[in-house]
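Heads up: the structure comes next, in C-alpha cells.
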Amino acid sequence: MGLMLQNLIALHQGNRLYFSQPPSDEFAKLYRPEEHGQIINFWRCWKHFLIIHVFVKQEKMDPERAGLVC
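If you read the sequence shown in our numbering, its first letter stands for residue 2, the second for the next number, and so on.
Quick look at the structure:
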C-alpha cells in the first residue's frame with residue numbers, strides 16, 4: 002500500500018495534468034487551442050485510475066467491508 006501511495010505521488014510530480022504543446026506533429030496540425038482548450042494527459046489520469054482502483058478492489062474483497070458476513 003505504501004508503494005502505491007509513492008507511485009501516486011511520483012505520478013503527480015513527474016507528469017503534468019495538461020500538456021503545454023501537442024504530443025505529436027500529426028496532432029499539432031489538427032489542434033486549435035481556442036476551440037479545443039487544454040490537452041489533458043490521459044496517460045497520467047489512467048495510471049491514477051489503475052492505482053486507486055486497486056484500493057477499491059481490495060476493500061470489496063474484504064467480506065466485512067463489503068457487507069458480506071459469512
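The beta carbon of each residue, even a glycine, is placed where N, CA and C say it ideally should be.
Model, not experiment: these values are computed from the prediction.
Looking at residue i: is its Cβ nearer than 8 Å to the Cβ of residue j?
i: Ile-52; j: Tyr-19; result: no
Measure the C-alpha to C-alpha separation of residue i and residue j and round it to an integer number of angstroms.
i: Glu-36; j: Glu-27; result: 17 Å
i: Ser-25; j: Trp-44; result: 15 Å
i: Val-55; j: Gln-7; result: 14 Å
i: Ala-11; j: Phe-50; result: 14 Å
May I ask you to report which of helix, strand or coil DSSP gives residue i?
i: Val-70; result: Caution is warranted here: a pLDDT of 49 is assigned to Val-70, below 50, making its placement in the model unreliable, and the coordinate value is therefore given only provisionally. Reduced to three states, the DSSP call for Val-70 is coil.
Starting from residue i, follow the alpha helix (DSSP H) in both directions and report where the run begins and ends.
i: Pro-24; result: Per DSSP, Pro-24 belongs to no alpha helix (DSSP H) and is neither H nor E.
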